[in-house]
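Residue numbers for the sequence shown follow my numbering, so the first one is 6 and each next one is one higher.
Don't be surprised by glycine CBs; every beta carbon is placed ideally from N, CA and C.
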Amino acid sequence: MTLETLTWPEARSLGGESDRVFVVPLGSFEQHGRHLPMITDTAIITEIARRVESAAPDSVVLTPTLWIGHSPHHRAFACISLDVRPYMDLIAAVCRSLIALGARRIMLLNGHGGNDIPAKAAMRELKSESPATRIYFASYWQLAAPRFQEIRTSPHGGMNHACEMETSVMLAIQPDAVDMARASDNALSSDMLSSRPFYVVNDFDEISESGTVGSPSHATAEKGERFLAAAAEATLAFLRGVFN
Numbered sequence: 006m007t008l009e010t011l012t013w014p015e016a017r018s019l020g021g022e023s024d025r026v027f028v029v030p031l032g033s034f035e036q037h038g039r040h041l042p043m044i045t046d047t048a049i050i051t052e053i054a055r056r057v058e059s060a061a062p063d064s065v066v067l068t069p070t071l072w073i074g075h076s077p078h079h080r081a082f083a084c085i086s087l088d089v090r091p092y093m094d095l096i097a098a099v100c101r102s103l104i105a106l107g108a109r110r111i112m113l114l115n116g117h118g119g120n121d122i123p124a125k126a127a128m129r130e131l132k133s134e135s136p137a138t139r140i141y142f143a144s145y146w147q148l149a150a151p152r153f154q155e156i157r158t159s160p161h162g163g164m165n166h167a168c169e170m171e172t173s174v175m176l177a178i179q180p181d182a183v184d185m186a187r188a189s190d191n192a193l194s195s196d197m198l199s200s201r202p203f204y205v206v207n208d209f210d211e212i213s214e215s216g217t218v219g220s221p222s223h224a225t226a227e228k229g230e231r232f233l234a235a236a237a238e239a240t241l242a243f244l245r246g247v248f249n
C-alpha cells in the first residue's frame with residue numbers, strides 16, 4: 006500500500022504490524038550529463054519502488070520518495086543538495102515519524118550513491134534511540150548486481166553515472182526526457198557494479214567534462230525495462246527475507 010493514499014486513522018492502524026515493511030525511496034536532484042534530466046535518480050528509484058509495492062501491497066508500505074539527497078560533488082555542474090548533517094537529520098526525522106506510527110521495520114531503498122554514508126550514519130543514531138526498530142539500507146544496483154552484469158553490454162567502466170544503465174532506464178520510463186544526440190561516453194576505471202579496496206573523494210568536474218561517467222551509447226529502452234525488472238525482483242527477494 007502507499008502511505009500517501011491513506012487517511013491518518015488508516016495510517017495509524019498499521020502501527021505494530023510486524024509483517025509490514027515501510028519502504029522509503031531515496032533519490033537526488035543533480036546533473037546527469039548533457040542528455041538526462043536532473044530528476045533521473047529520483048525517477049528511477051520511484052519507479053522501482055512502485056513496482057515493489059505493486060508486487061507486495063499487503064507487506065510493503067511505500068512512502069513518497071525523498072527527492073533531495075547528498076550531492077555536493079555535482080555542484081560544479083548543477084544540483085540541489087543537502088550537506089552531510091542536514092541529510093542525516095532528514096533521514097532520521099522521516100524514520101522517527103514512521104516509528105511514531107508504529108513501524109517496526111523500515112527499508113531505505115537508495116537510488117543515489119552519495120546518500121550512502123550519511124544515511125548509514127543516521128541509522129546508527131536511530132539504533133541508539135529505537136533499538137527495537139529494524140532499519141535496513143540497500144542501493145538497488147547492488148541488490149541487482151548479478152542480473153545487471155548479465156544485461157549490460159558495455160565493458161567494465163561503462164556503468165557509473167548517466168551511464169548505460171541509467172540512460173536505458175530513462176529511455177524506458179521517460180523517453181521524451183532523454184536527448185541521445187547529446188550523450189557522450191566517458192568510461193573510467195571505476196564501475197558501479199564493482200567495489201574498490203579504498204575510498205577517495207572526487208568532485209565530478211575533476212573526472213568528467215560532460216558530467217557523464219560511463220557509456221550511455223550502449224543504452225536502449227529494451228535494456229532499461231530489463232534493468233527495472235531485475236532491480237524490482239532483487240529488492241523483493243531481499244524484502245522476503247525481511248518479512249520472514
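(request) Check whether the region 148-162 touches the region 203-217, counting contact only when three or more Cβ pairs, one atom from each stretch, lie closer than 8 Å. (result) no
(message) In whole angstroms, give me the CA-to-CA distance for residue 9 and residue 41.
(response) 28 Å
(request) Could you name the residues that DSSP lists as bridge partners for residue 110? (result) Looking at the DSSP output, residue 110 sits in a beta bridge with 139.
(message) Along the chain, where does the alpha helix (DSSP H) containing residue 14 start, and where does it finish?
(response) That run of the alpha helix (DSSP H) goes 13-17.
(message) Output needed for residue 178: all residues of its chain with C-beta closer than 6 Å, excluding positions within five of it in sequence on either side, in chain order.
(response) 52
(message) Can you look up residue 198 in the DSSP assignment and give me helix, strand or coil?
(response) coil
(request) Using 10 angstroms around the beta-carbon of residue 137, count the other beta-carbons present and answer buried if the total reaches 16, otherwise exposed. (result) exposed
(request) Identify whether residue 62 lies in helix, strand or coil by the three-state DSSP scheme. (result) Residue 62: coil per DSSP, three-state reduction.
(message) Taking 6 Å as the limit between beta carbons, can you name the residues of its chain near residue 135, skipping five residues before and five after?
(response) 104
(request) Specify whether the region 172-189 and the region 203-211 touch according to this definition: at least 3 beta carbon pairs, one from each stretch, less than 8 Å apart. (result) The count of Cβ pairs closer than 8 Å, one atom from the region 172-189 and one from the region 203-211, stays below three, leaving the stretches out of contact.
(request) Report yes if the CB atom of residue 200 is closer than 7 Å to the CB atom of residue 169, and no otherwise. (result) no
(request) Output the distance between the C-alpha atoms of residue 1 and residue 235, rounded to the nearest integer angstrom. (result) Lying before the first or after the last residue shown, residue 1 is absent from the chain, which here runs from 6 to 249.
(request) Would you mind reading off the limits of the alpha helix (DSSP H) that contains residue 89? (result) Bounds of the alpha helix (DSSP H) holding residue 89 are 89-105.
(request) Would you identify the three-state DSSP class for residue 67, choosing helix, strand or coil? (result) strand
(message) Going by C-alpha to C-alpha distance, which of 94, 198, 102, 165 sits closest to residue 155?
(response) 198
(message) Between which residues of its own chain and residue 17 is the CB-CB distance below 7 Å, once the five residues before and five after are set aside?
(response) 106
(message) For residue 125 and residue 36, what's the separation of their Cα atoms in angstroms?
(response) The C-alpha of residue 125 lies about 24 Å from the C-alpha of residue 36.
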